[in-house]
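Novice:
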Amino acid sequence: MNTLLIYDSQYGNTERIATAIADTLRTVGDVRAVRVGEAQPLDLTGVDLLVLGSPTQGWNATKAMQELLKGFSPEQLRGRAVACFDTRFQMSHWLTGSAARRIASVFERMGIELAEPPESFFVEHTEGPLCTGELARAAVWARLLFDRIETPRHAIAH
Ligand SMILES: Cc1cc2nc3c(=O)[nH]c(=O)nc-3n(C[C@H](O)[C@H](O)[C@H](O)COP(=O)(O)O)c2cc1C
Numbered sequence: 561m562n563t564l565l566i567y568d569s570q571y572g573n574t575e576r577i578a579t580a581i582a583d584t585l586r587t588v589g590d591v592r593a594v595r596v597g598e599a600q601p602l603d604l605t606g607v608d609l610l611v612l613g614s615p616t617q618g619w620n621a622t623k624a625m626q627e628l629l630k631g632f633s634p635e636q637l638r639g640r641a642v643a644c645f646d647t648r649f650q651m652s653h654w655l656t657g658s659a660a661r662r663i664a665s666v667f668e669r670m671g672i673e674l675a676e677p678p679e680s681f682f683v684e685h686t687e688g689p690l691c692t693g694e695l696a697r698a699a700v701w702a703r704l705l706f707d708r709i710e711t712p713r714h715a716i717a718h
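Throughout, our numbering is defined as the position within the sequence shown, counted from one, plus 560.
#1: Please name the residue or residues paired with residue 567 in a DSSP beta bridge.
#2: Rounded to the nearest angstrom, what separates residue 648 and residue 659 at their Cα positions?
#3: Does ligand 1 have even one heavy atom less than 6 angstroms from the beta-carbon of residue 591?
#4: Am I right that residue 624 and residue 568 are in contact with their C-beta atoms under 8 angstroms? What's the rounded C-beta distance?
#5: Can you give me the Cβ contacts of residue 631 inside the same chain, cut-off strictly under 7 angstroms, excluding the 5 residues immediately before and after it?
#6: Where DSSP assigns a beta bridge to residue 643, which residues make up the other side?
#7: Mind checking whether residue 666 and residue 628 have CB atoms under 7 angstroms apart?
#8: Are there 16 or more other CB atoms within 10 angstroms of the CB of residue 710, so buried, or fewer, so exposed?
#9: For residue 648, verify whether its CB is less than 6 angstroms away from any heavy atom of ligand 1.
#10: Let me check you understand the geometry: is the CB of residue 579 closer than 6 angstroms to at least one non-hydrogen atom of ligand 1?
#11: Measuring CB to CB, does residue 563 end up less than 7 angstroms from residue 591?
#12: Is residue 657 near ligand 1, with its Cβ less than 6 angstroms from a heavy atom?
#13: My output table needs one value for residue 674: the three-state DSSP class, helix, strand or coil.
#14: I'd like to confirm the pairing. Which residues does DSSP put opposite residue 620 in its beta bridges?
#15: Taking 8 angstroms as the cut-off, does the region 605-612 touch the region 635-651 (at least 3 CB pairs, one atom from each stretch)?
Right under this line is the structure:
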C-alpha cells in the first residue's frame with residue numbers, strides 16, 4: 561500500500577503523531593510523509609491512501625492546510641482511500657472544534673467517503689506535550705486504517 565501523509569504542525573505535536581502513523585504504515589508499504597508546504601505541486605500518482613493531519617487552530621485546520629484542501633478535486637481522489645486526523649485539547653469537540661472534522665466535511669462535500677471517521681489526538685497545552693499514550697494510539701489508528709483498506713467490504717459487512 562502506497563501512502564501519502566500530508567501534515568501541518570506549529571509546535572511539533574502533530575508532526576510526532578504523523579511520524580507514528582507513518583512508521584506504522586511503513587511496516588506494510590511505502591509512505592511519504594511531508595509537511596503541507598512541501599506537498600505542492602500535489603501529485604497523487606500511485607497513491608492508495610491519502611492521510612491529512614493538522615493541529616486544530618480556531619476550530620479549524622491551519623490556514624496552510626485549508627489552502628491545500630482547496631486544491632483537491634473529486635476526480636483526483638476517486639478510487640483512493642482518504643483519512644484525516646488532528647491534534648487538539650482533550651475535551652468534547654463541541655467545546656474545542658476539530659480540524660479533522662472540518663477536513664472531513666470538505667471531503668464529504670466532494671462526495672468522498674473517508675476510510676475511517678476523523679480522529680483526534682490530544683495535547684495537554686497549546687505547545688504540548690501530547691497526552692500520555694497518544695503516540696501509541698496513533699500507531700493503533702494507523703493499523704486500523706490499513707486493516708480497513710485491505711479488508712474487502714463484503715468481508716466486514718456482517
Ligand atoms: C492560534 C491557535 C489556535 C488554537 N485553537 C484551538 C482550538 O480551537 N481548539 C483546540 O482544541 N485547540 C486549539 N489550539 C491548540 C492546538 O490545537 C495545539 O496547539 C496543537 O494541537 C499543537 O499541535 P502542533 O504542536 O502540531 O502545532 C490552538 C492553538 C493555537 C496556536
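For each residue, glycine too, the CB sits at the ideal point set by N, CA and C. Given the structure is predicted, the values throughout are model-derived calculations rather than measurements.
Specialist: Inspection of the coordinates gives the following:
#1: 595 and 613
#2: 8 angstroms
#3: no
#4: 5 angstroms
#5: 602
#6: 611
#7: no
#8: exposed
#9: yes
#10: no
#11: yes
#12: yes
#13: coil
#14: 617
#15: yes
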